[in-house]
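To keep things clear, I will list the structure first and then write my remarks on it.
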Amino acid sequence: MPKDGGIGASSKRREDVRFLTGAGNYTDDINIHGQAYVHFLRSDMAHGTIASIDTTAATAMPGVVRIFTGSDFEGVGGMPCGWQVTDRFGQPMQEPGHPILAQGKVRHVGEPIAAVVADSLEQARDAAEAIEVSIDGLPAVVDMKAALADGATKVHDDLNDNLCYDWGFVEENKDAVAKAIDEAAHVTTLELVNNRLVANPMEPRVAVGDYARGTDESTLYTTSQNPHVIRLLMGAFVLGIPEHKLRVVAPDVGGGFGTKIFHYQEEAFCTFAAKACNRPVKWTSTRSEAFISDAHGRDHVTKIELALDAENNFTAIRTETHANMGAYLSTFAPSVPTWLHGTLMAGNYKTPLVYVNVKAVFTNTVPVDAYRGAGRPEATFQLERVVDKAARELGVDPIALRRQNFITEFPYATPVAVEYDTGDYHGTMDKLEEIADLSGFAARQAASEARGKLRGLGVNCYIEACGIAPSNLVGQLGARAGLYESATVRVNATGGLVVMTGSHSHGQGHETSFAQVVAEMIGIDESMVEIVHGDTANTPMGMGTYGSRSIAVGGSAMVRATEKIIAKAKKIAAHLLEAAEGDIELKDGAFSVAGTDKSVAWGDVTLAAYVPHNYPLEDIEPGLEETAFYDPANFTYPSGAYACEVEVDPDTGKVSIERFAAADDFGNIINPMIVTGQVHGGLAQGIGQALLENCAYDEEGQLLSASYMDYAMPRADDLPMFEVDHSSQTPCTHNPLGVKGCGEAGAIGSPPAVVNAVVDALQSAGKDVTHIDMPLSPDRVWEAMNG
Amino acid sequence: MTQVTITVNGSAASGDAEGRTLLSSFLRDTLKLTGTHVGCDTSQCGACVVHVDGVAVKSCTMLAVEADGAEVTTIEGMANADGSLNTIQQAFQDHHGLQCGFCTPGMVMSAASLLKENPHPTEAEVREYLEGNICRCTGYHNIVKAILAASGQDVGAIAAE
């Protein structure tokens, strides 16, 4: 029987009404009286020395307020990187400077060279065309392995070479892993590419800077997943504005998927320029600009080896990855191929020895950073592909090989430094076999064959580390930030609550699901709880939303703050009821004395807190407002098993997804409707990576896929209805809600299922195909079949 | 500058537009109807779909001056007269057919146009019709389901929740 409210109910989303009626308040909907507009003149060359910039003619154009170039920012800090990786030899990564506007050189197509501020956007664009820029071209470094070759052109003259770091994990295991591979009964090797992607939230980035001269306060409205992080990074490291003089607002945000975590030059520019020009300055990215200025995702080239003993038990895994950083280090870029990738290489399996080597490389391309899943999709893809390949080489059932090697006892300490608290991998696989109707596959394959199509089945598992993260742990790993979350719960005199959270909702439905939790804890209607987020002026210090952390970390902070509220409210109730505090029970929004019929309503207690006529003033303060910061004890470990069925057209190589089933274990669930929707979206992005999406550069560093005409976003007719189940639930043991997070699972778990399915279809048809690199476009599949 | 006058959501509205001003910009910047969104610059994403004289149009592909004298309906004009969600909007909420909400105005406008042309579409017809509307959040599953539900079809058999 579905619940009609509180934890576990599929409450309809309250935010939908404004989105469905055009009443949302996205950053581009914000216009401040007197605002000017900025247009960035961006490099159309991947690499070169700026010989000259002549703004004389442009400055005289109508409406131009001021034109900025790199020299205007010489006294200003560069864009900071929030994570320092230490390499195999104990040395810090190479960390280049990252200017707001190019200084001396351009290093990727899209790097901003000049910024025109004008009365209207059209005037700014017109004037930008009148700027004369002369760039002496340099050879572009695009391919990662070429970038590391002796004599390669350097992306940054002041660095030793193009190697950001050479990371080994766990370095002490390296020799033991090599020995295990040498002595293995069987070793399966796979070389693969994890294709570069562009996150493409449908709302392009926007920044509006405002400055109040009278109070010396700056405000930035921005499309961010974490306004407090932007305030800290921009205030402390870029512009030198103390946090109490800087407000960052991220209102309704139209999707993030990671790419709106990072602090970007345009945000710093608009804040800086608003003060310099003494008027608000607004920037709205076009989609074409987004392709060359939003941080990209993925872009790994990997070799993985899986060693097995004579009984098909996994004995060792060794991986070697080149990870593209692009031209500069985006905010969290160094962490993605390392701590968000290497730590997941054990997957769902009890492999005793793992060694991960990652070489991060600078190239003349747009910076690469976290995109939905961030490191975990790359780990899952290589692991689940190599396991599948091993099963085929050994002639065993891919599911049986996985089951044989599943971790079954928890907590489980992996050889890659993390400890899984809970999981039931057989349980999710059982559920998958049921919802995917795997027993019916043979009949469906025969039916496809009768229609001239090749049908394949691909299955895989995944594990992810979410709810990032314990601050003391990530500090040891190089994070330059803590990763707690905060919440303030303010109870009003009339009983309604306002919860101010450091988490940020940009599609996840926090305004609904967070209210469900608090309403359940107190026993009141959800409509009495309002969730406030996205404004540093209205919320306590927070770290924002990414890494499937909101309910696990932000939700836990909210629970802790609400527990404090309830504890204080019980004291007030005890006074009103003339009873001992220990005898007070809270149920269904009323406080009662245990074993009696004496009770007082929630609203009476909240009123007493603010009208303290009859109140224990000698013991507690009036008012009812509490703040909690929650720092998790561990990551959470969602897991699951996915199955994909494809049909391949043997004449064209076109792949269609016929069925897709996902069985996930997210621990406890607050709102099943929202969780299911998160999985759907993740699946679409993972299937998009596997079949359609590719961010392609030519050898000169020109981005070939720089619009929706060239970058294949998944459309409605590319995807099937999904079969999603999350009834396998092993609650997280170390957060108060027992939740694990669900935002990234679909994108992490689905790419290997698709590729496994296509390989299965081709092998079932007798083709000698063991791997095809993503995206599995018709030409690649046709070539694999016929090549 | 040219003065452009349109009837938008039943009321007359006018403003100045340059020859190059797109209808999407005119609606958002001049008339302050910010429910219509702009998600790309190649007429691919469909976030800007409005109805012009009853026909679904990507308002980023039409000049404001071309709309002079036209009847335009935007997402702000879709709710029932009493302010409640109309059938399509309600179906989107009931079936969780939106997440971040950015593509949603265009999706609702396209869905309305589809159901006007084809009151009982199949799932395949819905998917094909939405080819010009990109959503990055939902994977389309619940959008398709919402539109089928709005057409009065039983969607109980399509996956839970």
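Heads up: the protein sequence lines correspond to chains D and E, in order.
With our numbering applied, the first sequence covers 62 to 848.
With our numbering applied, the second sequence covers 8 to 168.
Built from N, CA and C at the ideal position, the CB exists for glycine as well.
Counting the other Cβ atoms within 10 Å of the Cβ of V672 (chain D) gives fewer than 16, which makes it exposed.
Contact check for N234 (chain D) against T363 (chain D) fails: the beta carbons are separated by 8 Å or more. Cβ neighbours of S31 (chain E) within its own chain (closer than 7 Å, five residues either side excluded): T43, V45, C55, S66, C67.
Using a Cβ-Cβ cut-off of 7 Å, C47 (chain E) is close to R348, Y769 of chain D, given in chain order. Distances from the alpha-carbon of D271 (chain D) to those of D:K240, D:G749, D:I91, D:R437 put D:I91 closest.
Cβ atoms of C522 (chain D) and E805 (chain D) stay farther apart than 8 Å, at about 15 Å. Here I496 (chain D) has A722, A724, E784, D786 as same chain residues with Cβ atoms under 7 Å from its own Cβ, once five neighbours each way along the sequence are excluded.
Residues of chain D with a Cβ closer than 7 Å to the Cβ of N149 (chain E) are, in chain order, G738, H741.
Close CB contacts of A71 (chain E) within its chain, under the 6 Å cut and outside five residues either way in sequence, are with V11, A24, T28, L30, F33 (chain order).
The criterion of a C-beta distance shorter than 8 Å is satisfied by M604 (chain D) and H289 (chain D). For Y698 (chain D), no alpha helix (DSSP H) run applies, since DSSP gives it neither H nor E. For A63 (chain E), the enclosing beta strand (DSSP E) stretches over residues 62 to 65. If the five residues before and after R74 (chain D) are omitted, its C-beta is found closer than 6 Å to the C-beta atoms of G570, T573, all from its own chain and listed in chain order. For Y136 (chain E), the enclosing alpha helix (DSSP H) has its first and last residue at 130 to 136. Not one beta carbon of chain D lies nearer than 8 Å to the beta carbon of F33 (chain E). Between A241 (chain D) and L414 (chain D), the C-beta gap is smaller than 8 Å, which places the two residues in contact. Where Q326 (chain D) is concerned, the enclosing alpha helix (DSSP H) starts and stops at 326 to 338. Beta-bridge annotation (DSSP): G198 (chain D) is paired with D:G109. C-alpha of G85 (chain D) to C-alpha of R79 (chain D): approximately 5 Å in a straight line. Exclusion of the five residues before and after M85 (chain E) leaves N93, I95, Q96, V115, M116, A119 as the residues of its chain whose Cβ lies within less than 8 Å of its Cβ. Between V203 (chain D) and R168 (chain D), the beta carbon gap of about 12 Å keeps them out of contact (Cβ cut-off 8 Å).
In the three-state DSSP reduction, D771 (chain D) falls in the coil class, being neither helix nor strand. R186 (chain D) sits in a helix when the DSSP states are folded into three classes. The Cβ of I13 (chain E) sits no closer than 8 Å to any Cβ of chain D. If you look at H594 (chain D), you'll find it isn't in any alpha helix (DSSP H); DSSP assigns it neither H nor E. A704 (chain D) carries a strand assignment under DSSP once its states are collapsed to helix, strand and coil. Contact between P262 (chain D) and T320 (chain D) holds: their C-beta atoms lie close to 7 Å from each other, under 8 Å.
Distances from the CA of T424 (chain D) to each of D:Q443, D:H383, D:G563, D:V820 were compared; the closest alpha carbon is that of D:H383.
Across the structure, E760 (chain D) and I322 (chain D) are spaced so that their CA atoms are roughly 29 Å apart. Using a Cβ-Cβ cut-off of 7 Å, G85 (chain D) is close to G108 of chain E, given in chain order.
DSSP, read as helix, strand or coil, puts K631 (chain D) in helix. The criterion of a C-beta distance shorter than 8 Å is not satisfied by G802 (chain D) and G743 (chain D).
Taking 8 Å as the cut-off, the beta carbon of A176 (chain D) is found no closer than this to the beta carbon of A119 (chain D). Interface flag for T41 (chain E) against chain D is set, since a Cβ pair is found closer than 8 Å. For S396 (chain D), the CB contacts under 6 Å within the same chain, skipping 5 residues up- and downstream, are W144 in chain order. The beta carbon of D101 (chain E) sits closer than 8 Å to some beta carbon of chain D.
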